[in-house]
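K.L.:
Residue numbering for the sequence shown follows the numbering used here, starting at 604 and increasing by one per position.
Note that beta-carbon positions come from the ideal geometry of N, C-alpha and C, so glycine has one too.
The structure presented is a predicted model; accordingly, all values stated were derived computationally and were not measured.
Let me begin by handing over the structure; questions about it come next.
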Amino acid sequence: MKIDIYSGINELSQSAASLFIEVAQKAIADRGRFLVALSGGSTPMKLYERLAGNKLDWTSVHFFWGDERCVPADDPGNSYGQTKQVLFDKIGDTNIHRINSDLAPDSAATDYTRTLKAFSEPPLDFPRFDLVLLGMGDDGHTASLFPGSPVEVDSPALAVTANYQDRPANRVTLTQTVFNQAREIWFLVAGANKAETLQKVLKGEFQPKVFPAQRIKPVNGNLVWMIDEEAASLL
Ligand code: 6PG
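Spelled out as structure tokens, the structure:
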């Protein structure tokens, strides 16, 4: 595990954008495509904005999500819709595999599991993502794996209901079963409100039921925490 501390969200986003392009170019060169699972939330938005200004063979990129809120694509709470505005509308032809949030949560989870299977890398029933981007809530959740949720899960995707801030409660989330098979997993965490939880997640005892972010442990990949100085203030 690597911890990179940045002066602020702008420096963090700039560095993450450069590294994203690097990892994408290598995946495309090695395997002909780049499979990435994006995160929702506010932290990665500046990264997505910066990516829009970068040159990359976007037609070889396949965008997925680690989770999605079950609201229509044009709802401000929809992660795909937020990213479309700042990235997809600017990069032209690419491959988007969104969680179909127009379906009921259980149906959306089943539908997404089917989509993942089409990109499976046997013996896995789902893709081995080249990159997974994750955030962390101030309660220690990541994607839509929330405190108190079952730790031992083997299904690739789940429908969940969770209340966090003013965000939509019905969601679909990938589970650590999928995340932990990725080649690269990056947490992007910024802001003083994350500092106390981040200290417990990174330096405290292993409590995956309480802090779902601790469930993320790559089987055979790199885990990087990209955090700003405010969030890192108690480390
Ligand atoms: C979501 C994300 C969620 C997010 C954290 C952090 O859909 O909201 O998947 O896990 O990454 O809640 O959100 P912020 O970046 O807005 O603090």
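From what residue to what residue does the beta strand (DSSP E) around V792 run?
P.N.:
In the sequence shown, the residue the question calls residue 792 occupies position 189. V792 -> beta strand (DSSP E) spans 787 to 792.
K.L.:
When DSSP labels each residue in this structure, what does I606 get in the three-state scheme?
P.N.:
Counting from 1 along the sequence shown, the entry for residue 606 is found at position 3. Three-state result, I606: strand.
K.L.:
Using CA atoms only, rank isn't needed, just tell me which of L638, A795, K820, Q817 is closest to I612.
P.N.:
For the purposes of this step, residue 612 is taken as the residue at position 9 of the sequence shown. When only C-alpha atoms are compared, the closest one is A795.
K.L.:
Hey, would you say the C-beta of H700 is under 7 Å away from at least one heavy atom of ligand 3?
P.N.:
Ligand 3 is not part of the structure shown, which contains ligand 1 as its ligands.
K.L.:
Enumerated in chain order, which unbroken segments of the beta strand (DSSP E) with a length of 3 residues or greater are wholly contained in the stretch 668 to 756?
P.N.:
DSSP runs (the beta strand (DSSP E)) wholly in the stretch 668 to 756: 670 to 672, 734 to 737.
K.L.:
Judging by CA-CA distance, which residue of F722, G684, Q688 is the nearest neighbour of S704?
P.N.:
Residue mapping note: residue 704 aligns to position 101 of the sequence shown, counting from 1. Nearest option by C-alpha distance: G684.
K.L.:
Considering N613, what are the terminal residues of the beta strand (DSSP E) in which it resides?
P.N.:
Numbered from its first residue, the sequence shown carries residue 613 at position 10. Counting along the chain, N613 falls outside any beta strand (DSSP E), though it belongs to the alpha helix (DSSP H) covering 612 to 634.
K.L.:
Roughly how far, in whole angstroms, is the beta-carbon of L791 from the beta-carbon of T646, given that I think they are within contact range, below 8 Å?
P.N.:
Residue 791 sits at position 188 when you count from the first residue of the sequence shown. Residue 646 sits at position 43 when you count from the first residue of the sequence shown. Correct: roughly 5 Å between the Cβ atoms.
K.L.:
Taking the CB atoms as reference points, tell me whether L838 and Q802 lie closer together than 8 Å.
P.N.:
The sequence position of residue 838 within the sequence shown is 235, counting from 1. The sequence position of residue 802 within the sequence shown is 199, counting from 1. Yes, Cβ-Cβ distance for L838 and Q802 is below 8 Å.
K.L.:
With the cut-off set at 8 Å, would you say D678 and G643 are in Cβ contact?
P.N.:
Along the sequence shown, read from residue 1 onward, the residue named residue 678 stands at position 75. Along the sequence shown, read from residue 1 onward, the residue named residue 643 stands at position 40. Their beta carbons are not under 8 Å apart, which means D678 does not touch G643 by this criterion.
K.L.:
Measure the C-alpha to C-alpha separation of R717 and W789 and round it to an integer number of angstroms.
P.N.:
Numbered from 1 along the sequence shown, position 114 holds the residue referred to as residue 717. Numbered from 1 along the sequence shown, position 186 holds the residue referred to as residue 789. If I take the Cα positions, the gap works out to 25 Å.
K.L.:
Quick one: residues in its chain with C-beta nearer than 6 Å to the C-beta of Y609, no 5 flanking neighbours on either side, listed in chain order?
P.N.:
Translated into the one-based positions of the sequence shown, residue 609 becomes position 6. The answer, listed in chain order, is L615, D831.
K.L.:
Distance check for N783 and T745, CA to CA, integer angstroms please.
P.N.:
Residue mapping note: residue 745 aligns to position 142 of the sequence shown, counting from 1. Residue mapping note: residue 783 aligns to position 180 of the sequence shown, counting from 1. Taking the straight line joining both Cα atoms gives about 13 Å.
K.L.:
Within the present structure, is the beta-carbon of R672 separated from the nearest heavy atom of ligand 1 by less than 7 Å?
P.N.:
The sequence position of residue 672 within the sequence shown is 69, counting from 1. Because some heavy atom of ligand 1 lies under 7 Å away, the Cβ of R672 counts as near it: yes.
K.L.:
Give a yes or no on contact between the stretch 760 to 768 and the stretch 705 to 716, applying the rule of three or more CB pairs nearer than 8 Å.
P.N.:
The stretch 760 to 768 is in contact with the stretch 705 to 716.
K.L.:
Beta carbon of S642: closer than 7 Å to some heavy atom of ligand 1?
P.N.:
Taking the sequence shown and counting its residues from 1, the one referred to as residue 642 is at position 39. Correct: S642 has its Cβ closer than 7 Å to ligand 1.
K.L.:
Using 8 Å as the Cβ pair cut-off and three pairs as the minimum, do the stretch 811 to 819 and the stretch 661 to 676 touch?
P.N.:
With the cut-off at 8 Å, the stretch 811 to 819 and the stretch 661 to 676 do not touch.
K.L.:
So what's A834 in DSSP terms, helix, strand or just coil?
P.N.:
Taking the sequence shown and counting its residues from 1, the one referred to as residue 834 is at position 231. The answer is coil: DSSP assigns A834 none of H, G, I, E or B.
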